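Residue numbers (UniProt numbering): 1 to 358. Glycine included, C-beta positions come from ideal geometry on N, C-alpha and C. Bear in mind that the values here come from a model prediction, so they are computed numbers and not experimental data.
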């Protein structure tokens, strides 16, 4: 910027457009830089900060001039009901971190790919939030590209697969969790195992879907053949009450030509419903069938369910802490973190033959 333009800018309120012209970048890049986004290179960040300093432009003095100015509001996008055990836990953890800092959380839930596509597509032009937390989706390449264009920080929670497009992410290591579950069943002498799960839309991949793939991978590693490590899933994509789903899956399990002696179930809630349904069919757990859940939800302890523990409240705390660090312009030492799951042994698993099973 020449001296005449500099004097003109200094004689009135300096805007983000002035900083962009001075630095030779777009207004969106200035916004990303001043909001601490990791999507800006070090060289560009330095150029923007130097331009802002030379024009005496500061975020605190000119928040209202930013294209995505500070609103003290954080978006939270998740799959499924907001009141589910996992989503409610993540929200609680995020609230514990944001509330003392005077940030509000705006939650939203989507159930299909079309809804997700539309929501993510709206993020680059969204002006009513400072950052976004996106939970439990696998992002396609087009969605990752759209996230890369978002000026505000974006943090993923329990995002299976690639995390490109996110400034940071935190999640559970589903592969390690399922590997420990499968190895436990192998150690207990079970030669025929299965993974029991609901069926989801083919274009919607959740963390539980990743567990199914992890189960098959771990089973192969542990020496199970494809006939001895199988998937039992719903016949169609049809949201239904958990008890109805459990009854549907129990029929398939009991109709198996070679019935498994142990199963891993995608969630604790489904595992407990399945055990209840099996008891109606005079199948004893763990004498006739060992069952391992996943989550260690509050209900798992009361049901004495062996499970794999994850902590959604801590995931929410960590995601919110990352958001605050990014908003403050800090560089995260470890932007992408996987938490190690823990096996919780209770009373739904036993050594094969424990119930005098043939």
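Pair within 8 Å by beta-carbon distance, residue 196 and residue 266: yes
Rounded to a whole number of angstroms, what is the C-alpha to C-alpha distance between residue 245 and residue 25? 54 Å
Can you give the beta carbon distance from residue 292 to residue 306, rounded, assuming they're within the 8 Å contact cut? 5 Å
Count the other C-beta atoms from every protein chain shown that fall within 10 angstroms of the C-beta of residue 181, then say buried if there are 16 or more, exposed otherwise. buried
DSSP state of residue 287, grouped into three classes? coil
Taking Cβ positions, are residue 277 and residue 250 nearer each other than 8 Å? yes
Please list the terminal residues of the continuous beta strand (DSSP E) segment that includes residue 81. Where residue 81 is concerned, there is no enclosing beta strand (DSSP E), given that its DSSP letter is neither H nor E.
Rounded to the nearest angstrom, what separates residue 343 and residue 309 at their Cα positions? 6 Å
Give me whichever residues DSSP pairs with residue 106 in a beta bridge. 75
Bridge-paired residues (DSSP) for residue 336: 169
What would DSSP say about residue 17, mapped onto helix, strand or coil? helix
Shortest alpha-carbon distance to residue 183 belongs to which of 346, 262, 279? 262
Cβ-based neighbour list, residue 348, same chain, cut-off 6 Å, excluding 5 preceding and 5 following: 285, 286, 291, 305, 306
What are the partner residues of residue 157, as DSSP defines its beta bridges? 135, 170
Start and end residues, beta strand (DSSP E) containing residue 48: No beta strand (DSSP E) contains residue 48, which is instead part of the alpha helix (DSSP H) from 42-54.
Determine contact between the stretch 146-156 and the stretch 98-114, defined as no fewer than three beta-carbon pairs at a distance below 8 Å. no
Backbone CA spacing between residue 88 and residue 315 [nearest angstrom]: 11 Å
Write down the C-beta distance between residue 257 and residue 193 rounded to the nearest angstrom, noting that I regard them as a contact closer than 8 Å. Their Cβ separation, rounded to whole angstroms, is 15 Å, which puts residue 257 and residue 193 out of contact at 8 Å.
Inter-stretch contact (C-beta, 8 Å, three-pair minimum) for the stretch 124-135 and the stretch 67-82: yes
Any idea if residue 169 is buried or exposed, counting beta-carbon neighbours within 10 angstroms, 16 or more meaning buried? buried
Near residue 270, what residues of its chain come up, given a Cβ to Cβ distance below 6 Å and the 5 sequence neighbours on each side ignored? none
Between the Cα of residue 323 and those of 47, 95, 15, spot the shortest distance and give me the residue it belongs to. 95
State yes or no: is the C-beta of residue 82 within less than 8 Å of the C-beta of residue 109? yes
Measure the Cβ-Cβ separation of residue 178 and residue 211 and say whether it is below 8 Å. yes
Do you know offhand how far residue 319's Cα is from residue 280's? 42 Å
To the nearest angstrom, how far is it from the Cα of residue 272 to the Cα of residue 328? 44 Å
Please tell me whether residue 388 and residue 268 are closer than 8 Å, where the distance is taken between their beta carbons. Nothing can be reported for residue 388: it is not among the residues displayed for the chain, which extend from 1 to 358.
What residues match up with residue 309 in a beta bridge as DSSP calls it? 295, 342
Short check: CB of residue 171 to CB of residue 351, under 8 Å? no
At the level of alpha carbons, what is the spacing between residue 44 and residue 147? 19 Å
Per DSSP, what kind of secondary structure is residue 196 in: helix, strand or coil? strand
I'd like the span of the alpha helix (DSSP H) that includes residue 258, first residue to last. From DSSP, residue 258 is part of no alpha helix (DSSP H); its letter is neither H nor E.
On the premise that residue 174 lies in contact with residue 214, defined as a C-beta separation below 8 Å, what is that separation, rounded to the nearest angstrom? 5 Å
Report the rounded CA-to-CA distance for residue 84 versus residue 217, giving the unit in angstroms. 28 Å
For residue 182, the three-state DSSP class (helix, strand or coil): helix
Buried or exposed: where does residue 298 fall if 16 or more other Cβ atoms within 10 Å of its Cβ makes it buried? exposed
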